[in-house]
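Student: Here the sequence shown is numbered in my numbering, starting from 185 and rising by one per residue.
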Amino acid sequence: MAVSVRLPTVLRPHAAGKTVVEADAGSVGDIIAGLVARFPGMSGHLLNESGELQRFVNIYVDDDDIRYLDKAATAVADGAELTILPAVAGGA
């Protein structure tokens with residue numbers, strides 16, 4: 185079994201338009217590293233120059249915000265769902 189990774193609209197063009205991709209279970213950091221390896225165009229959207237998660241990217245594991253868990257070290261089990269949500273800003 186694998187982890188389902190839900191992609192926001194901005195990342196879908198880098199994954200052939202897919203809304204969900206599969207990844208091996210592991211830590212959030214491992215899953216993100218695997219996504220960037222498979223889909224290099226996602227790198228700048230997900231990681232900063234130091235290779236850490238961008239501060240404006242929110243990641244949830246089964247509806248739990250990883251900022252309140254173990255951040256990138258949060259374990260993601262087989263069958264879980266990981267959701268990537270970039271922050272949205274703007275307005276008039």
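Ideal Cβ placement from N, Cα and C applies to all residues, glycine included.
By alpha-carbon positions, which one of Ala-186, Ser-211, Asp-262 ends up nearest to Asp-254?
Tutor: Sequence index remark: in the sequence shown, residue 254 carries index 70 (1-based). The candidate whose alpha carbon is nearest that of Asp-254 is Ser-211.
Student: Can you give, in chain order, each stretch of the beta strand (DSSP E) that sits fully within the segment 219-264 and has at least 3 residues?
Tutor: Whole beta strand (DSSP E) segments, 3+ residues: 241-245.
Student: Nearest to Arg-251 by alpha carbon, out of Ala-264, Gly-263, Leu-237, Ala-261?
Tutor: Residue numbering aside, residue 251 sits at position 67 when the sequence shown is read from its first letter. If we check each option's Cα against that of Arg-251, Leu-237 comes out closest.
Student: Please confirm whether Asp-208 has its beta-carbon closer than 9 Å to some beta-carbon of chain B.
Tutor: The structure shown contains no chain B; it holds only a single protein chain.
Student: Excluding the 5 residues flanking Gly-213 on each side, which residues of the same chain have their C-beta closer than 7 Å to its C-beta?
Tutor: Against the sequence shown, residue 213 aligns to sequence position 29. Here the set comprises Ala-256, Ala-257.
Student: Measuring alpha carbon to alpha carbon, tell me which residue in Ala-209, Leu-191, Pro-197 is nearest Thr-203.
Tutor: Counting from 1 along the sequence shown, the entry for residue 203 is found at position 19. Answer by Cα proximity: Leu-191.
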